[in-house]
Amino acid sequence: MTFEAYLNYFEDVLTHPSNYPTYNDPEYFNYAKLNWSRMNRWLKKFEINEDVRTFFSTSTEKQTWILITEPWCGDAAHSVPQIHTLIKDNPNIILDIQLRDSEPFLIDKYLTNGGKSIPKLIIRNEQGKDIAIWGPRPAALQQIFDEMKAEGKEFEDIKTYFQTWYNADKGIELQHELVALLSGVEKK
Numbered sequence: 009m010t011f012e013a014y015l016n017y018f019e020d021v022l023t024h025p026s027n028y029p030t031y032n033d034p035e036y037f038n039y040a041k042l043n044w045s046r047m048n049r050w051l052k053k054f055e056i057n058e059d060v061r062t063f064f065s066t067s068t069e070k071q072t073w074i075l076i077t078e079p080w081c082g083d084a085a086h087s088v089p090q091i092h093t094l095i096k097d098n099p100n101i102i103l104d105i106q107l108r109d110s111e112p113f114l115i116d117k118y119l120t121n122g123g124k125s126i127p128k129l130i131i132r133n134e135q136g137k138d139i140a141i142w143g144p145r146p147a148a149l150q151q152i153f154d155e156m157k158a159e160g161k162e163f164e165d166i167k168t169y170f171q172t173w174y175n176a177d178k179g180i181e182l183q184h185e186l187v188a189l190l191s192g193v194e195k196k
C-alpha cells in the first residue's frame, strides 16, 4: 500500500478498533494511539540533513522500498514517517508499505535473529532484486536493545529509553545508515 493508504488504514484502526482483532486488546490499541501521535509529530518536525536530501533527491536508479510495519510498533512510529519523508519527492523511488501481520507475510523472509522484528525495509532495484535491507531500528539502538535484553531489563524501561533515544537522535542515525547502505550498493 502507499504511505497515504497506510495512514488511512492506521486512522481506521483508531476509529474502528473492533474491526481489527489485534486492536481489541487495549494494550495494542493504546500503543497504536500513542504511535499515531508520534508519527504525526515526525511528519511535521523531521528535518533532513542537506547532504542526505541531495543524496536521495538526485538518485536516478529506479527502486522499490518495501517497508514492513504495523501501527502497534513503537520503533515504526519513528522510522516509518522518516523513511517516507526521505524519499517522497523522488519519483524513481516507490514506497510500498506491507503489514507484518497480514498476507503475504513477507516478514517471514526477513527475520531479525529469528524474530519478526519491525519495521523492516527491503530496497529492491528495478529488476526486483533485493539490494539492501535495513531494520528494525538504527544499529546503535539495536546494540543497546541487545544489551538491555541480555541484562534482563523490563520492557517498560526499554520502551522509555528508546523514546528518549529517538527524540534526542532526531532521525540522524537512520539518515546516515540509509545513505551508507545505498552508497555501498552503488559502488558495487
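In our numbering, the protein residues as written are 9 to 196. Where a beta carbon is used, it is the ideal one built from N, C-alpha and C, also for glycine. If you're wondering where the values come from, they're calculated on a predicted model, not measured in any experiment.
Beta-carbon proximity of residue i to residue j, cut-off 9 Å
| i | j | result |
| --- | --- | --- |
| residue 129 | residue 75 | yes |
| residue 73 | residue 103 | yes |
| residue 127 | residue 172 | no |
| residue 100 | residue 70 | yes |
| residue 182 | residue 67 | no |
| residue 29 | residue 37 | no |
| residue 107 | residue 17 | yes |
| residue 156 | residue 174 | no |
| residue 88 | residue 14 | yes |
| residue 23 | residue 105 | no |
| residue 158 | residue 192 | no |
| residue 27 | residue 33 | no |
| residue 125 | residue 119 | yes |
| residue 186 | residue 91 | yes |
Reduced DSSP category for residue i - H, G, I as helix; E, B as strand; rest coil
| i | result |
| --- | --- |
| residue 151 | helix |
| residue 168 | helix |
| residue 80 | coil |
| residue 67 | coil |
| residue 36 | helix |
| residue 178 | coil |
| residue 10 | coil |
| residue 56 | coil |
| residue 184 | helix |
| residue 92 | helix |
| residue 24 | coil |
One or two residues paired with residue i in a DSSP bridge
| i | result |
| --- | --- |
| residue 75 | 105 and 129 |
Three or more beta-carbon pairs under 8 Å between the segment 59–71 and the segment 147–165, yes or no?
Judged by Cβ distances under 8 Å, the segment 59–71 makes no contact with the segment 147–165, as fewer than three pairs qualify.
4 or more residues per run - each alpha helix (DSSP H) lying fully within the segment 96–166
Runs of the alpha helix (DSSP H) inside the segment 96–166: 147–158.
Three or more beta-carbon pairs under 8 Å between the segment 78–88 and the segment 24–43, yes or no?
Contact annotation: the segment 78–88 touches the segment 24–43, with at least three C-beta pairs closer than 8 Å.
Pairs of beta-carbons, one from the segment 171–182 and one from the segment 48–62, closer than 8 Å: are there three or more?
In short, these stretches touch, since the Cβ pair count reaches three.
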